[in-house]
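**Student:**
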DNA sequence: TAAAATGTTGGGTA
DNA sequence: ATACCCAACATTTT
């Protein structure tokens with residue numbers, strides 16, 4: 472579900488003890504708290520296993536909350552070695568910190584009891600989400616491409632990444648090993664900002680287009696972050712970025728640059744929205 | 001009722 | 001190896 476801006480927003484709110492979603496009460500930050508017990512009712516989501524989480528996690532203190540790509544990372548205090556709890560929200564995952572006395576909602580599948588009477592709960596209606604307990608972070612996040620908002624994501628880096636790929640750009644932007652954190656919304660928004668057609672082949676971009684794409688990706692993600700992410704429906708009912716979409720879900724609405732009606736096509740089973748005028752396909756270079 | 005949904009993975013094919 | 005397609009995962013919502 473959530474993409475980079477939404478996951479980053481969740482990480483920030485968890486660190487600060489702010490309600491992740493409207494209607495939920497504030498809570499003390501889980502930072503510095505020790506996990507005292509693990510409850511779960513959907514073992515298939517646990518990696519390497521439900522047993523590993525239940526037996527290993529209690530006693531560990533949460534020392535940091537961060538993000539890599541769309542993964543939330545809880546850094547655990549572990550004198551001997553590094554240890555991390557990672558959560559991928561996939562399509563419908565939500566995180567709440569609530570008083571342990573507060574009844575667990577229907578779709579809560581993991582509850583991490585903390586030493587202050589609160590629980591970190593993973594609510595996941597579609598059950599696509601995953602929870603990992605690992606020593607080596609790279610075992611989970613090692614395959615991810617660069618973080619698009621970091622300094623290291625330079626024009627040079629993007630240029631060399633694109634040069635190796637001959638497929639269409641939309642599919643490539645959704646590939647987490649290419650760039651980490653972009654999903655269906657921000658891929659479409661970035662391509663519109665860059666004025667590049669979603670089916671344009673990656674290795675046919677001119678240098679000015681590569682620069683535009685890099686700026687567009689960063690601008691779309693930053694804009695999303697600025698608005699607290701996008702709330703599409705019940706899945707992530709927080710954020711206002713949905714009020715600023717240029718193309719995502721804007722079928723038949725006028726393009727804000729040229730007034731052409733926004734179109735929707737299917738690319739690799741995913742809805743793809745674009746302006747057929749501003750993002751004109753270059754007949755020599757698109758698939 | 002059918003279709004679609006902010007995501008990933010694994011299998012098959014060329 | 002790369003690209004591309006499809007099914008699968010499981011549930012809710014329109």
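Numbering (our numbering), first residue to last: 472 to 758.
Every residue, glycine too, gets a C-beta built ideally from N, C-alpha and C.
#1: Counting only runs of 3+ residues fully inside the region 528-573, write out the beta strand (DSSP E) ranges in chain order.
#2: Kindly indicate which residue of 635, 533, 638 and 516 has the alpha-carbon position closest to the one of residue 581.
#3: Are residue 718 and residue 744 closer than 8 angstroms when you measure CB to CB?
#4: Less than 8 angstroms separating the beta-carbons of residue 586 and residue 564?
#5: What are the boundary residues of the alpha helix (DSSP H) that residue 738 is part of?
#6: To the nearest angstrom, how far is the alpha carbon of residue 598 from that of residue 513?
#7: Please indicate yes or no: does the CB of residue 477 lie closer than 7 angstroms to some heavy atom of the ligand SAH?
#8: Taking residue 488 as the reference, which of 478, 637, 646 and 502 has the closest Cα?
#9: Rounded to a whole number of angstroms, what is the C-alpha to C-alpha distance between residue 682 and residue 511?
#10: Once the 5 residues before and after residue 731 are set aside, which same chain residues still bring their CB inside 8 angstroms of it?
#11: Just checking my contact of residue 692 with residue 475 at CB under 8 angstroms: how many whole Å lie between their CB atoms?
#12: Which class does residue 678 belong to by DSSP, given the choice of helix, strand or coil?
#13: Of all the beta strand (DSSP E) runs that stay within the bounds of the region 488-513, which reach a length of 3 or more residues?
#14: For residue 615, which residues of its own chain have a beta-carbon under 6 angstroms away from its beta-carbon, when the five flanking residues on both sides are left out?
#15: Which word fits residue 506, buried or exposed, when buried means at least 16 other C-beta atoms lie within 10 angstroms of its C-beta?
#16: Using alpha carbons as the reference points, say which of 708, 671, 727 and 706 lies closest to residue 716.
**Tutor:** The relevant details are as follows:
#1: 532-539, 542-548, 554-559 and 564-570
#2: 516
#3: yes
#4: no
#5: Where residue 738 is concerned, there is no enclosing alpha helix (DSSP H), although the beta strand (DSSP E) it sits in stretches over 734-738.
#6: 8 angstroms
#7: Judged by which ligands are present, the structure shown has none, so any question about the ligand SAH falls away.
#8: 502
#9: 46 angstroms
#10: The residues 725, 746, 747, 748 and 749, in chain order, have a CB closer than 8 angstroms to that of residue 731 in the same chain once the five nearest residues on each side in sequence are set aside.
#11: Correct: roughly 6 angstroms between the Cβ atoms.
#12: helix
#13: 506-511
#14: Within the same chain, residue 615 has close Cβ partners 540, 647 and 651.
#15: buried
#16: 727
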